[in-house]
Structures are given as structure tokens and as C-alpha cells.
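Take any residue in the sequence shown, count from 1 to its spot, add 107: that is its number in the numbering used here. Backbone N, C-alpha and C fix where the C-beta goes; we use that ideal spot for every residue, glycine too. Below you'll find the structure, written out as C-alpha cells, and then a few comments.
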Amino acid sequence: TTGLDERKAGLVGLSFSWKAHEAWYVPVPEDREGCDAVLERFRAVLEDPAIEKVGQNIKYDLIVLAMHGVRIQGTLFDTMLAHYLLQPELRHNMDYLAETYLHYRPVPITELIGPKGKGQKSMREVAVEQVAEYAGEDADITWQLRDRFAPRLKEDELGPLFTDVEMPLVRVLADMEMEGIRLDVDALRKFSRELGEDILKLQDRIR
């Protein structure tokens with residue numbers, strides 16, 4: 108995308124992965140008509156409720172795509188939030204997760220667009236070959252992290268909290284942000300975790 112503000116960011120391309128060490132990248136034209144034409148080819152998959160969607164900070168993707176007319180459907184798996192539940196005291200950014208769990212150091216985005224500041228480029232200004240490599244790497248890493256974290260959530264009995272509380276909350280937050288409502292996300296995350304823990308305790312009592 109062209110920026111961090113989900114409601115204003117333009118799509119530069121789409122990257123996908125559903126197998127470790129493999130990824131695909133599709134560049135998106137800058138003009139709206141061309142962008143819509145590309146998205147239309149993927150709409151059936153993106154809006155299919157039977158297909159799980161995996162992402163790192165997937166709320167960002169939900170909002171960006173919604174602003175471009177595509178409403179993501181299906182079960183969500185956010186690797187950032189999965190790690191938050193597993194290791195709340197650690198960092199959750201992709202570079203850290205890739206180095207810690209995959210022993211791999213991703214290409215930093217600053218190599219493509221430069222450091223923060225007035226001179227920083229937009230991803231739209233970067234050669235498509237470089238963007239493809241960067242975006243494909245992101246998709247591949249995210250898929251591999253999902254395979255690492257999903258079993259651990261189950262082992263730590265965090266599956267219900269993740270599936271029934273955290274992921275539905277992502278959709279709610281995305282919808283609220285699109286309406287321009289700003290929330291204390293950290294406070295909501297803390298509350299959702301406490302709520303999930305209470306649910307698990309009640310389930311144990313019922314058993």
C-alpha cells in the first residue's frame with residue numbers, strides 16, 4: 108500500500124501464500140478502474156466465507172480492502188494477535204517474529220522506501236520487482252507463522268479465546284475505524300483477554 112492510514116492508503120499490489128516458501132504477487136494499477144478490475148478477479152476468493160484468511164495485523168488489510176469495495180469473509184487468523192496471546196510481554200512485529208520463530212531476517216522496508224521523514228518514498232515509486240520480493244516474503248512469513256502459532260494456541264488452551272473473542276473483535280474494530288470512531292485498542296485488548304480468561308474458567312467449572 109501507499110501508506111499506514113488504512114482509510115487513505117492506495118493499493119500497490121496483492122501478495123498471497125498458502126504453502127511455505129512459496130508466494131505470489133499481483134501488481135495493482137494506480138488508477139481506480141484498473142485497480143477495481145484486478146480486485147474483481149480475486150473477489151470470489153476474498154469474499155468466500157469457506158476460505159480462512161491469514162494476515163499479520165489483519166485489521167489493516169480488512170479496512171484497506173473494504174475501502175476499495177471488497178469485504179473479506181471467512182475465518183480470520185491474525186499472527187500478530189496470536190503471538191500477543193501466546194507471549195503478551197514480547198514484541199509482535201513481523202521482523203521480530205520471523206527472526207525468533209523462523210530464524211530468518213526479512214528485508215527491512217527502509218531498504219525499499221528509505222527512512223522515515225520527508226524523503227521517504229511511496230511503495231508506488233519502488234520497482235515492481237523489489238515490491239514483489241518484499242510483499243511475497245511478507246506473505247510467506249505470515250503463512251509460516253500461522254503454522255507455528257495455531258498448534259500452540261491449542262496446546263495452551265487459548266484457541267477459544269482467539270477464535271471466539273479476539274478474531275470477532277478485529278472485525279468490530281475495523282468497522283468502527285471505518286466509521287471514524289477512534290478507540291483505545293490496548294485497553295480493549297486487555298479487556299478481551301480478561302473476558303476470555305473468565306470464559307475459560309467458567310468452562311472448567313462446568314466440566
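Proximity of residue i and residue j at Cβ, strictly below 7 Å
{"i": "F269", "j": "L260", "result": "yes"}
{"i": "E264", "j": "V171", "result": "no"}
{"i": "D60", "j": "G162", "result": "Since the first residue of the chain shown is 108 and the last is 314, residue 60 is not available in this structure."}
{"i": "L219", "j": "Y241", "result": "yes"}
{"i": "I248", "j": "A189", "result": "no"}
{"i": "L183", "j": "I165", "result": "yes"}
{"i": "I179", "j": "L169", "result": "yes"}
{"i": "T108", "j": "S229", "result": "no"}
{"i": "P134", "j": "V235", "result": "yes"}
Local conformation of residue i per DSSP, three classes
{"i": "A116", "result": "coil"}
{"i": "L183", "result": "strand"}
{"i": "M162", "result": "Correcting the residue type first, residue 162 is Gly in the shown sequence and not Met. Of the three classes helix, strand and coil, the one that applies to G162 here is strand, per DSSP."}
{"i": "L153", "result": "helix"}
{"i": "I216", "result": "coil"}
{"i": "D168", "result": "helix"}
{"i": "G266", "result": "helix"}
{"i": "L197", "result": "coil"}
{"i": "E244", "result": "helix"}
{"i": "P178", "result": "Correcting the residue identity first, residue 178 is Arg in this sequence and not Pro. Residue state, collapsed to three classes: coil."}
{"i": "Q227", "result": "coil"}
{"i": "P275", "result": "helix"}
{"i": "E286", "result": "coil"}
{"i": "L188", "result": "helix"}
{"i": "T108", "result": "coil"}
{"i": "A234", "result": "coil"}
Where residue i falls, given that 16 or more other Cβ within 10 Å makes a residue buried
{"i": "L111", "result": "exposed"}
{"i": "W250", "result": "buried"}
{"i": "E273", "result": "buried"}
{"i": "E284", "result": "buried"}
Whole-Å CB distance - residue i paired with residue j, under 8 Å assumed
{"i": "G117", "j": "Y132", "result": "The Cβ separation is near 16 Å, so there is no contact."}
{"i": "D143", "j": "G176", "result": "7 Å"}
{"i": "Y208", "j": "L153", "result": "Not really, about 27 Å apart at Cβ, beyond 8 Å."}
{"i": "A130", "j": "A246", "result": "4 Å"}
{"i": "E262", "j": "P213", "result": "The Cβ separation is near 26 Å, so there is no contact."}
{"i": "D202", "j": "P222", "result": "Rounded, the Cβ-Cβ distance is 15 Å, inconsistent with contact."}
Go through the segment 117-146 residue by residue and report every complete run of the beta strand (DSSP E) that reaches 3 residues or more, in order.
120-126, 129-134
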